[in-house]
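Asks: Sequence positions in the sequence shown follow mature numbering (1 follows the signal peptide of the UniProt record, and there is no 0) and run -21 to -1, 1 to 657. Would you mind keeping the following structure in view while I ask a few things?
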Amino acid sequence: MKATGLISLWTLVSLPCGPLANPAEHEDVVRHAIKLHRGKGAVITQRKQWVLESCRKLSGLLRQKNVVLNKLKNAIRAVEKDAGLSDEEKLFQVHTFEIFQKELNESENSVFQAIHGLQRALQGDYKDVVNMKESSRQRLEALREAAIKEEMEYVELLAAEKHQVEALKNMQHQNKSLSMLDEILEDVRKAADRLEEEIEEHAFDDNKSVRGVNFEAVLRVEEDEASSKRNASKREVEDDLGLSMLIDSQNNQYILTKPRDSTIPRADHHFIKDIVTIGMLSLPCGWLCTTIGLPTMFGYIICGVLLGPSGLNSIKSIVQVETLGEFGVFFTLFLVGLEFSPERLRKVWKISLQGPCYMTVLMIAFGLLWGHLLQIRPTQSVFISTCLSLSSTPLVSRFLAGSVRGDKEGDIDYSSVLLGMLVMQDVQLGLFIAVMPTLIQAGVSTYSSIFKEILRILILIGQILFSLAAVFLLCLVIKTYLIGPYYRKLHTESKGNKEILILGITAFTFLMLTITELLDVSMELGCFLAGALISSQGHMVTEEIMCCIEPIRDFLAIIFFASIGLHVFPTFVIYELTVLLFLTLSVVIMKFVLAVLVLSLILPKTSQYIKWIVSAGLAQVSEFSFVLGSRARRAGIISREVYLLILSVTTLSLLLAPALWRAAIMKCVPRSERRSST
């Protein structure tokens, strides 16, 4: 009986492949199978007759398939022995036959896969969710592999069709005499075919078997129907170029990064529209903030909020906009370093090194204490505390723009201390990103392996310290032997042509950025050191380079602050306003108090008055908490709710920062020395 049931199941699955069946017959067969299964409306003889007829149809299809396969093999042998065909023509015909063979075999395999899948589902327990999920996963994998195979077969058929058309053209050309122009074009066509074969990367075939690569089902989204009707020819061209958007089952959106045909130039029009839109809307938003007395950067953040997911949702290339915004951070820190001479760096290096380290340790200690009281996991407490201990370097750099730079006699300039501590925090950011994988493992480890994780963290800290020593030694060599001749050469070549100077300075900045990144130190530190090294050439050099780089920095900074606004969600802030205001004020007050405490211990007595200004500059949360939070959420260190709380607290602290900074400046800086930083 079990064998008969399996044969019936086989027949039921494979009947749709029969060439004589139609939809009405399929419905009758299904209804009849249900009646047989329930034991209604059928006698033993009818059941046997139905099974025999179904098996006869299936066996007939399989015999027909074997006959066709034998004919294809004979045809392949005949083609290979045909002396009248060229080698290329033989390969083409044999390849066509092999494609048909593969299609027949895949069709038969799909029948058996369907039978095994249905048999596994019938034998499983419908109350067992784990078993059902595993069955669903296996079916999904089978469908993905089938879709990939079908896609590859379709591509092969397109190539065969192209080859067939070219063969017909060759036959026509052989029957008539070619002109000189036709011969030239034919040679160009052959050279173009060779070029495409040389530059084509078989990325799909090379990576599909790599460990960790999964097949995914994606949706391909084309342009608007209305716009496609207005410009059908453009739509066809873009469809061929692959400029449409792909969306996977997790709602991640993808765009083309490298085309198959590299000979045709392409542009991401979504990204272009996004940058144009941000540039146009940033102007009125910046004007509005200037009118009401707020820094223009908040106008750019508002622009990002209006255009982002919580507003009009018109930004399509969010990742690309954020990536371009990172260059705003790079050039901002370069200009900070340009105003931060090595002499000033030597004056405050101890404070810059000690201050952030003490603050981070104290923040982690308070975080672990509160985590213990609130029963939060230690790894989560350490992560949240470290995130909140960082402060925003681009924001404070804007505060310091145009402020006092000179030191009082025997005193330390507050801007030097503040920038030095912020740059050291950027170094800590790179260290924390390096330590994060170990922190993830520590979250799932037992107490017996905690000592191993602590040892790994200490080793990582040692590596970072070694990298910092190597970076500063390299900076000393560059300052002593290279930067002077390099700038004089740039200055000589750039007379009457500023683009050489801009390109040379930018290349040097990117070189330092690359070196620090390779040494596992933050890229931001490399940009800062590049500016500091160039500033060693004198005040005139600093002024000349600043005039060239500042416009570039300003535009990229607009993109950066707008990208921050893309992660601000006003509706969530409104819903949880009371909780978020309490948390934000707690964080700001705690950071301010800890900074005052630490600076009271490490600042000289003659410079104690600047601790209030420096503490006010540090009493906000860095925008890099967005990056750390997203990584921690993906790794499972924090939950979605904690991630949204970190984003909201960061945003509100950045909004409160100008008021706190202005209050500190008003209290501590004499009226005659205040500048636009207030």
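Note that beta-carbon positions come from the ideal geometry of N, C-alpha and C, so glycine has one too. Since the model is a prediction, treat every value here as computed from it, not as a measurement.
#1: Using only the alpha-carbon positions, how far apart do K60 and Q72 sit?
#2: By the DSSP assignment, the alpha helix (DSSP H) with I363 in it spans what residues?
#3: How far does the beta strand (DSSP E) with D240 in it reach, from first residue to last?
#4: Quick one: what's got a C-beta closer than 7 Å to K646's C-beta in the same chain, skipping five residues either side?
#5: Starting from D107, follow the beta strand (DSSP E) in both directions and report where the run begins and ends.
#6: For the segment 570 to 618, list the beta strand (DSSP E) runs that are entirely contained and at least 3 residues long, ordered along the chain.
#7: DSSP three-state label for Q516, please.
#8: Short check: CB of L303 to CB of I363, under 9 Å?
#9: Measure the C-alpha to C-alpha separation of K92 and K128 and round it to an integer number of angstroms.
#10: Shortest alpha-carbon distance to K295 belongs to which of M224, P637, A486?
#11: Let me know if E318 comes out buried or exposed under the rule of 16 or more other beta-carbons within 10 Å of its beta-carbon.
#12: Rounded to the nearest angstrom, what separates I589 and M502 at their Cα positions?
#13: Expressed to the nearest angstrom, what Euclidean distance is found between the alpha-carbon atoms of E215 and N45?
#14: Along the alpha helix (DSSP H) that carries V315, what are the first and last residues, could you check?
#15: Can you find the residues in the same chain that come closer than 7 Å, C-beta to C-beta, to R118, ignoring five residues on each side of it along the sequence?
#16: Could you check the C-alpha separation between residue 666 and T236 for me, to the nearest Å?
#17: If you reduce the DSSP assignment to three classes, tell me which class I391 lands in.
#18: Q333: which of A509, Q404, Q43, L291 sits nearest, CA to CA?
#19: Express the C-alpha separation of H518 and E496 in angstroms, rounding to a whole number.
#20: State the start and end residues of the unbroken beta strand (DSSP E) segment that holds R199.
#21: Say yes only if the C-beta of L136 is nearer than 8 Å to one or more non-hydrogen atoms of the ligand FMN, and no if none qualify.
#22: Report the partner residues of I226 according to the DSSP bridge assignment.
#23: Count the C-beta pairs between the segment 630 to 642 and the segment 437 to 446 that are closer than 8 Å, then say yes if the count reaches three, no if not.
#24: Considering only the alpha carbon of each residue, which of M525, M276, L576, K570 lies closest to Q599?
#25: How long is the line joining the alpha carbons of Y465 and I484, rounded to whole angstroms?
#26: Quick one: using the 10 Å Cβ neighbour count with 16 as the cut-off for buried, is T471 buried or exposed?
#27: Taking its Cβ as the centre, do 16 or more other Cβ atoms sit within 10 Å of S368, making it buried, or is it exposed?
#28: Taking 9 Å as the cut-off, decide whether the C-beta atoms of L545 and G283 are in contact.
#29: Could you say which of V575, R613, V500, S114 lies nearest to L449 if we only look at CA atoms?
#30: First and last residue of the alpha helix (DSSP H) that includes S293?
#31: With DSSP as the reference, label R532 as helix, strand or coil.
#32: Rounding to the nearest angstrom, what Cα-Cα distance links L508 and Q232 in this structure?
#33: Using DSSP with H/G/I as helix, E/B as strand and the rest coil, what is E204?
#34: Give a yes or no on whether the C-beta atoms belonging to I462 and I513 are separated by under 9 Å.
Replies: Working from what's here:
#1: Indexing the sequence shown from 1 puts residue 60 at position 81. Indexing the sequence shown from 1 puts residue 72 at position 93. Approximately 12 Å, taken between the alpha carbons.
#2: The residue labelled residue 363 in the question sits at position 384 within the sequence shown. Residue range 357 to 368 is occupied by the alpha helix (DSSP H) that includes I363.
#3: For this step, residue 240 is matched to residue 261 along the sequence shown. Premise fails: D240 is in no beta strand (DSSP E) and is neither H nor E.
#4: Here residue 646 refers to the residue found at position 667 when the sequence shown is read from its first residue. These residues qualify, in order along the chain: W591.
#5: Locating residue 107 in the sequence shown gives position 128, where the first residue counts as 1. D107 -> no beta strand (DSSP E), and no H or E assigned at all.
#6: As far as the segment 570 to 618 is concerned, it has no whole beta strand (DSSP E) run of at least 3 residues.
#7: In the sequence shown, the residue the question calls residue 516 occupies position 537. Correct three-state label for Q516: coil.
#8: To locate residue 303, count along the sequence shown from 1; it is residue 324. To locate residue 363, count along the sequence shown from 1; it is residue 384. Between L303 and I363, the gap from beta carbon to beta carbon reaches 9 Å or more.
#9: Position 113 of the sequence shown, counted from the first residue, corresponds to residue 92. Position 149 of the sequence shown, counted from the first residue, corresponds to residue 128. Correcting the residue type first, residue 92 is Gln in the shown sequence and not Lys. Spanning the alpha carbons of Q92 and K128 requires a straight line of approximately 15 Å.
#10: Counting from 1 along the sequence shown, the entry for residue 295 is found at position 316. Residue M224 holds the alpha-carbon nearest to the alpha-carbon of K295 among M224, P637, A486.
#11: As a first step, residue 318 must be located in the sequence shown, where it is residue number 339. By the neighbour-count rule (16 or more Cβ atoms within 10 Å), E318 is buried.
#12: Counting from one through the sequence shown, the residue named residue 589 turns up at place 610. Counting from one through the sequence shown, the residue named residue 502 turns up at place 523. Linking I589 to M502 through their CA atoms gives a straight-line distance of about 29 Å.
#13: Within the sequence shown, residue 215 is the residue found at index 236, counting from 1. Within the sequence shown, residue 45 is the residue found at index 66, counting from 1. Because the pLDDT of E215 is 48, which lies under 50, any placement of that residue in the model is unreliable, and the number read from its coordinates should be weighed accordingly. Roughly 42 Å between the two C-alpha positions.
#14: Start at 1 with the first residue of the sequence shown, and residue 315 comes out as number 336. Per DSSP, V315 belongs to the alpha helix (DSSP H) from 297 to 318.
#15: The residue labelled residue 118 in the question sits at position 139 within the sequence shown. Beyond the five residues adjoining it in sequence on each side, R118 comes within less than 7 Å, by CB distance, of G96 in the same chain, given in chain order.
#16: The first residue shown for the chain is -21 and the last is 657, placing residue 666 beyond what the model contains.
#17: As a first step, residue 391 is located in the sequence shown; it is residue number 412 there, counting from the start. Under the three-state reduction of DSSP output, I391 falls in the coil class, being neither helix nor strand.
#18: Looking up residue 333 in the sequence shown gives position 354. Distances from the CA of Q333 to each of A509, Q404, Q43, L291 were compared; the closest alpha carbon is that of Q404.
#19: Here residue 496 corresponds to residue number 517 of the sequence shown, with the count starting at 1. Here residue 518 corresponds to residue number 539 of the sequence shown, with the count starting at 1. Looking at the two C-alpha atoms, the distance is approximately 29 Å.
#20: Translated into positions along the sequence shown, residue 199 becomes position 220. Element bounds for R199: 197 to 200.
#21: Absent from the structure shown: the ligand FMN. Ligands present: none.
#22: Taking the sequence shown and counting its residues from 1, the one referred to as residue 226 is at position 247. Note: I226 sits in a beta bridge opposite L198, Q232.
#23: Result no; under three Cβ-Cβ pairs closer than 8 Å.
#24: On the sequence shown, residue 599 is found 620 positions in, with the first residue counted as 1. Checking every option, the nearest Cα to that of Q599 belongs to K570.
#25: Taking the sequence shown and counting its residues from 1, the one referred to as residue 465 is at position 486. Taking the sequence shown and counting its residues from 1, the one referred to as residue 484 is at position 505. Their backbone Cα atoms lie some 10 Å apart in a straight line.
#26: Working through the sequence shown from its first residue, we reach residue 471 at position 492. T471 should be labelled exposed.
#27: Translated into the one-based positions of the sequence shown, residue 368 becomes position 389. Note on S368: 16 or more other CB atoms within 10 angstroms of its CB, so buried under the neighbour-count rule.
#28: Here residue 545 corresponds to residue number 566 of the sequence shown, with the count starting at 1. Here residue 283 corresponds to residue number 304 of the sequence shown, with the count starting at 1. Yes, the Cβ-Cβ distance between L545 and G283 is below 9 Å.
#29: What you label residue 449 is simply residue 470 of the sequence shown in a count that begins at 1. Going by the sequence as given, residue 449 is Ala instead of Leu. Answer by Cα proximity: V500.
#30: As a position in the sequence shown, residue 293 is number 314, starting the count at 1. Note, S293: premise wrong, no alpha helix (DSSP H); not H, not E.
#31: Start at 1 with the first residue of the sequence shown, and residue 532 comes out as number 553. Shown here, R532 sits in a helix according to DSSP, grouped into three states.
#32: As a working mapping, residue 508 is identified with position 529 in the sequence shown. As a working mapping, residue 232 is identified with position 253 in the sequence shown. Using only the alpha carbons, I get a separation of about 37 Å.
#33: Against the sequence shown, residue 204 aligns to sequence position 225. Annotation note: pLDDT 43 at E204 (below 50); position unreliable, no value reported.
#34: Indexing the sequence shown from 1 puts residue 462 at position 483. Indexing the sequence shown from 1 puts residue 513 at position 534. For the pair I462 and I513, the CB atoms are nearer than the 9 Å cut-off.
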